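Trainee: Those protein sequences? They're chains U and G, same order as listed.
Number 338 in our numbering belongs to position 191 of the first sequence; there are no gaps in the numbering.
Number 406 in our numbering belongs to position 259 of the second sequence; there are no gaps in the numbering.
No residue lacks a Cβ here, since even glycine has one placed at the ideal position from N, Cα and C.
Quick caveat: nothing in here was measured; it's all calculated off a predicted structure.
Protein chains: 2
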Amino acid sequence: MKKSLGLDVGGTHVKAAVLSSDGRVLDRAVVRTPESRQVDEVTSLLIQVSQALLAKHTDVEAVGVGAPGLIDLDRRVIRTAPNFPTWKNVPLAELIAAEIPLPVSLENDVNCFGLAEHRWGSGMGFQHLIALAIGTGIGGAIILDGKLYRGSSGAAAELGHVSVDLWGPRCNCGNLGCVERYLGEIWYAQAAAEALDDGTITSPRQVSARADAGDEQALRFIIERGEILGVACVSLINAFDPEAIIIGGGVALAGEPLFAGVRKAIRERLYPTTAEKIRIIPAKLGTISGAMGAAIL
Amino acid sequence: MKKSLGLDVGGTHVKAAVLSSDGRVLDRAVVRTPESRQVDEVTSLLIQVSQALLAKHTDVEAVGVGAPGLIDLDRRVIRTAPNFPTWKNVPLAELIAAEIPLPVSLENDVNCFGLAEHRWGSGMGFQHLIALAIGTGIGGAIILDGKLYRGSSGAAAELGHVSVDLWGPRCNCGNLGCVERYLGEIWYAQAAAEALDDGTITSPRQVSARADAGDEQALRFIIERGEILGVACVSLINAFDPEAIIIGGGVALAGEPLFAGVRKAIRERLYPTTAEKIRIIPAKLGTISGAMGAAIL
Numbered sequence: 148m149k150k151s152l153g154l155d156v157g158g159t160h161v162k163a164a165v166l167s168s169d170g171r172v173l174d175r176a177v178v179r180t181p182e183s184r185q186v187d188e189v190t191s192l193l194i195q196v197s198q199a200l201l202a203k204h205t206d207v208e209a210v211g212v213g214a215p216g217l218i219d220l221d222r223r224v225i226r227t228a229p230n231f232p233t234w235k236n237v238p239l240a241e242l243i244a245a246e247i248p249l250p251v252s253l254e255n256d257v258n259c260f261g262l263a264e265h266r267w268g269s270g271m272g273f274q275h276l277i278a279l280a281i282g283t284g285i286g287g288a289i290i291l292d293g294k295l296y297r298g299s300s301g302a303a304a305e306l307g308h309v310s311v312d313l314w315g316p317r318c319n320c321g322n323l324g325c326v327e328r329y330l331g332e333i334w335y336a337q338a339a340a341e342a343l344d345d346g347t348i349t350s351p352r353q354v355s356a357r358a359d360a361g362d363e364q365a366l367r368f369i370i371e372r373g374e375i376l377g378v379a380c381v382s383l384i385n386a387f388d389p390e391a392i393i394i395g396g397g398v399a400l401a402g403e404p405l406f407a408g409v410r411k412a413i414r415e416r417l418y419p420t421t422a423e424k425i426r427i428i429p430a431k432l433g434t435i436s437g438a439m440g441a442a443i444l
Numbered sequence: 148m149k150k151s152l153g154l155d156v157g158g159t160h161v162k163a164a165v166l167s168s169d170g171r172v173l174d175r176a177v178v179r180t181p182e183s184r185q186v187d188e189v190t191s192l193l194i195q196v197s198q199a200l201l202a203k204h205t206d207v208e209a210v211g212v213g214a215p216g217l218i219d220l221d222r223r224v225i226r227t228a229p230n231f232p233t234w235k236n237v238p239l240a241e242l243i244a245a246e247i248p249l250p251v252s253l254e255n256d257v258n259c260f261g262l263a264e265h266r267w268g269s270g271m272g273f274q275h276l277i278a279l280a281i282g283t284g285i286g287g288a289i290i291l292d293g294k295l296y297r298g299s300s301g302a303a304a305e306l307g308h309v310s311v312d313l314w315g316p317r318c319n320c321g322n323l324g325c326v327e328r329y330l331g332e333i334w335y336a337q338a339a340a341e342a343l344d345d346g347t348i349t350s351p352r353q354v355s356a357r358a359d360a361g362d363e364q365a366l367r368f369i370i371e372r373g374e375i376l377g378v379a380c381v382s383l384i385n386a387f388d389p390e391a392i393i394i395g396g397g398v399a400l401a402g403e404p405l406f407a408g409v410r411k412a413i414r415e416r417l418y419p420t421t422a423e424k425i426r427i428i429p430a431k432l433g434t435i436s437g438a439m440g441a442a443i444l
């Protein structure tokens, strides 16, 4: 059985997983991302983590790296990364390969999440799939005909920047009313603090805790956010005609009420024949999915 | 040089073109669609038109039919067609093939338009392309990696039903704020009649005539409609990362002011690096493009 090592470079944590070719996680590691977020410090850490795991698993044959931002697959560099503002055209795979005697591949981290969910998670068996990872922002991965779709320049699947309201609030990207502007963790928490008139709310988790404790207003807020997400899903379904949409990331932990809102929007807004078929499914693999997807590369 | 015959079945006209394999239109015919729009009458007309052209061009080797609505490519039937309400699961290719001794293919009409523009029109040379045909509604065609993208069930590219305003006016499809609801000919004319406070406006052409005659308000209306279309284009670009968007159909004849609005929205709302690259181009082949695309099949 072949083994590979996957690395997931996040703004707060670096995650690593040693994977067998049938998708079992044989080993894993999670360490904090250096606060400086400088290329050299992050790279050193990635090499360190890799070497520690490779010492235990000497039969690993390849390394995959999932990194945030816009990846230029031809030149194998990270062009820009929102969470790592000093990174410009970073050849991360080559930097790691200089110290690790294995082939190293590079891919966008949300694409890795999508690949893992497609291969071993909620997306198993689907040939046409959209995966959304809702954290600070919303990242997307698109699987068409069983393969990752990257677009003409690797910039496809910026699904957080599908606008649901042309006159809506301004997003960091410059557009108005992006779905990310309603569902991204910070915006979500801010809107909840306002809707529930409680300035102590600073995370989606707090809203869910309240809803779980029976707070009707909190419950309604989550369902309504789900509906906004559902409006974006309806546009994506009308455009891509996927079999399923997989939703993961921190905000997806709001769970059933969020998914109920998404499904309500789909029921009310999509052609009935399409609405009957489409599957809206929570992601399954948890926080290690990015590293698992990177190991697929 | 091989020849093929393309048929484009529209709500008002049936168009036919005899095409050489290098894209020259060798012959053409345009006849009115029977007012009843019944399957048997339309089929008889298509056979008649085909036989007349095939009598002149005895070396035609195949026939392609572009038809509106949702096509089931596996079963080769038109499942439903908005402009032909009595059509349900119509095996149009087989009905024609019963009388014409040639292979007959069937495809959605807007996909035919997209194929033709990709092969011989404004889309030549692009591998990743979105084509929008704006008439009564907005139809879309998506070319990815040089090939038509149909989705998991043939229902992809319903791009008129990308919503730009989750609280917008209700569209015929059930959704709110679909871009078709602002740009489709009838809605466009209604909105213009209101904005310009002139109940005699019943077509987009009249708005353009006014703008051409120096009416500032009419000009502003067209630019603003272009901006709404541009908002949908920004969402599509963020999702698909195409090289170009081709815009055709009756409303596209509003020309430069409409395209100026689209480009304004793109400049203001898209990442600058993406906005610089994307091309927004008027369709080139005119009303015969559907029949040309059908002939490609």
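1) Using the Cα positions of V311 (chain G) and I413 (chain U), report the straight-line distance between them to the nearest angstrom.
2) Give the interface partners of C259 (chain G) over in chain U, defined as CB-CB distance under 9 angstroms, in chain order.
3) Select from G:L279, G:A407, G:L291 and G:R367 the residue whose C-alpha is nearest the C-alpha of V326 (chain G).
4) List, in chain order, every chain G residue whose beta-carbon is nearer than 9 angstroms to that of D421 (chain U).
5) Rounding to the nearest angstrom, what Cα-Cα distance links E305 (chain G) and H265 (chain G) in this structure?
6) Report yes or no: do the segment 217-227 of chain U and the segment 246-261 of chain U share at least 3 C-beta pairs separated by less than 8 angstroms?
7) Tell me the DSSP secondary structure of L152 (chain G) in three-state form.
8) According to the neighbour-count rule (16 or more other Cβ atoms, all chains shown, within 10 Å of its Cβ), is L267 (chain U) buried or exposed?
9) So V189 (chain U) and V156 (chain U) are in contact, right, with Cβ under 8 angstroms, and what is the actual spacing, rounded?
10) Apart from the five residues just before and just after C259 (chain G), which ones in its own chain have a Cβ nearer than 6 angstroms to its Cβ?
11) By DSSP's criteria, P429 (chain U) is part of a beta bridge. Which residues make up the other side?
12) Report yes or no: do three or more beta-carbon pairs, one from the segment 397-406 of chain G and one from the segment 367-386 of chain G, lie closer than 8 angstroms?
13) At the level of alpha carbons, what is the spacing between P232 (chain G) and I247 (chain G)?
14) Quick check: G295 (chain U) and G261 (chain U), are their CB atoms within less than 8 angstroms of each other?
15) Report yes if the CB atom of L381 (chain U) is closer than 8 angstroms to the CB atom of P351 (chain U), and no otherwise.
16) On the criterion of 16 or more Cβ atoms from any shown chain inside 10 Å, does K203 (chain U) qualify as buried, or is it exposed?
17) Can you pull the chain U residues whose beta carbon is under 8 angstroms from the beta carbon of A386 (chain G), in chain order?
18) From the beta carbon of Y418 (chain G), is the nearest beta carbon of chain U less than 8 angstroms away?
19) Within the chosen definition, does the segment 383-390 of chain G reach the segment 423-430 of chain G through at least 3 CB pairs nearer than 8 angstroms?
20) Would you identify the three-state DSSP class for I243 (chain U), choosing helix, strand or coil?
21) At the 8 angstroms Cβ level, is Y296 (chain G) part of the contact set with chain U, yes or no?
22) Which residues mark the beginning and the end of the beta strand (DSSP E) in which N236 (chain G) is found?
23) Which of helix, strand or coil does DSSP assign to N258 (chain U)?
24) Using only CA atoms, which one of G:G153, G:R416, G:G298 and G:A336 lies nearest to G315 (chain U)?
25) In three-state DSSP terms, what is S269 (chain U)?
26) According to DSSP, simplified to helix, strand and coil, what is I348 (chain U)?
27) Please list, in chain order, the chain U residues whose beta carbon lies closer than 9 angstroms to that of I375 (chain G).
28) Indicate the three-state DSSP secondary structure (helix, strand or coil) for R357 (chain U) in the structure shown.
29) Which chain U residues sit within Cβ distance under 9 angstroms of V378 (chain G)?
30) Just to make sure I have the definition right: I need the residues of chain B whose C-beta is within less than 9 angstroms of the C-beta of H204 (chain U). Which are they?
31) Can you name the start and end residues of the alpha helix (DSSP H) that R367 (chain U) belongs to?
32) Whole angstroms are fine: how far does the CA of A263 (chain U) sit from the CA of L173 (chain G)?
33) Where does R317 (chain G) fall in DSSP's three states?
34) Would L217 (chain U) pass as a contact of G284 (chain U) if the rule is Cβ separation under 8 angstroms?
35) Could you work out which residue in U:I393, U:P229 and U:D219 is closest to G287 (chain U) when comparing CA atoms only?
36) Considering only the alpha carbon of each residue, which of U:S299, U:V161, U:L444 and U:S168 lies closest to R179 (chain U)?
Mentor: So, to answer that:
1) Each residue's Cα considered, the two are about 16 angstroms apart.
2) Chain U residues near C259 (chain G): none, gap ~18 angstroms exceeds 9 angstroms.
3) Checked all of G:L279, G:A407, G:L291 and G:R367; the closest Cα to V326 (chain G) is G:L279.
4) A quick correction: the sequence has Thr, not Asp, at residue 421 (chain U). Neighbours of T421 (chain U) on chain G, chain order: S300, A302 and E305.
5) Answer to the nearest angstrom: the Cα atoms are 18 angstroms apart.
6) Verdict: yes, contact present.
7) Strand.
8) The residue you asked about is not Leu; residue 267 (chain U) is Trp in the sequence shown. W267 (chain U) is buried by the Cβ-count criterion.
9) Between V189 (chain U) and V156 (chain U), the beta carbon gap of about 7 angstroms places them in contact (Cβ cut-off 8 angstroms).
10) The residues are G213, G437, G440 and A441.
11) Residue pairing by DSSP places P429 (chain U) opposite U:I394 in a beta bridge.
12) As far as the Cβ criterion goes, the segment 397-406 of chain G touches the segment 367-386 of chain G, which means the pair count is three or higher.
13) One C-alpha to the other measures close to 26 angstroms.
14) Here residue 295 (chain U) turns out to be Leu, not Gly, going by the sequence shown. For L295 (chain U) and G261 (chain U), yes; Cβs fall inside 8 angstroms.
15) Before going on, a small fix: residue 381 (chain U) reads as Val here, not Leu. Taking a C-beta distance under 8 angstroms as the contact criterion, V381 (chain U) and P351 (chain U) do not qualify as a contact pair.
16) Under the 10 Å beta carbon count, K203 (chain U) is surrounded by fewer than 16 other beta carbons and is classified as exposed.
17) Contacts between A386 (chain G) and chain U, judged by CB atoms closer than 8 angstroms, involve G287, I289, A303, A304, E305, L306, V309, L383, A386 and F387 in chain order.
18) Judged by the 8 angstroms Cβ criterion, Y418 (chain G) is in contact with chain U.
19) Counting C-beta pairs closer than 8 angstroms gives three or more between the segment 383-390 of chain G and the segment 423-430 of chain G, which meets the contact rule.
20) If DSSP states are grouped into helix, strand and coil, I243 (chain U) belongs with the helices.
21) Yes - at least one Cβ of chain U is within 8 angstroms of the one on Y296 (chain G).
22) For N236 (chain G), the enclosing beta strand (DSSP E) begins and ends at K235 to V237.
23) N258 (chain U): helix per DSSP, three-state reduction.
24) Out of G:G153, G:R416, G:G298 and G:A336, G:R416 has the C-alpha closest to the C-alpha of G315 (chain U).
25) In the three-state reduction of the DSSP assignment, S269 (chain U) falls in the coil class.
26) Reduced to three states, the DSSP call for I348 (chain U) is coil.
27) Neighbours of I375 (chain G) in chain U, taken as residues whose beta carbon is under 9 angstroms from its own, are L313 in chain order.
28) DSSP places R357 (chain U) within a helical segment (H, G or I) once states are collapsed to three.
29) Residues of chain U passing the Cβ test: S310, L313, N322, L323 and G324.
30) Among the protein chains in the structure shown, which are U and G, there is no chain B.
31) Under the DSSP assignment, R367 (chain U) falls in the alpha helix (DSSP H) whose first and last residues are E363 to F387.
32) Approximately 52 angstroms between the Cα atoms of the pair.
33) The answer is strand: DSSP assigns R317 (chain G) an E or B state.
34) With a cutoff of 8 angstroms on beta-carbon distance, L217 (chain U) and G284 (chain U) are scored as not near each other.
35) Closest in alpha carbon position to G287 (chain U), among U:I393, U:P229 and U:D219, is U:I393.
36) Nearest C-alpha to R179 (chain U) among U:S299, U:V161, U:L444 and U:S168: U:V161.
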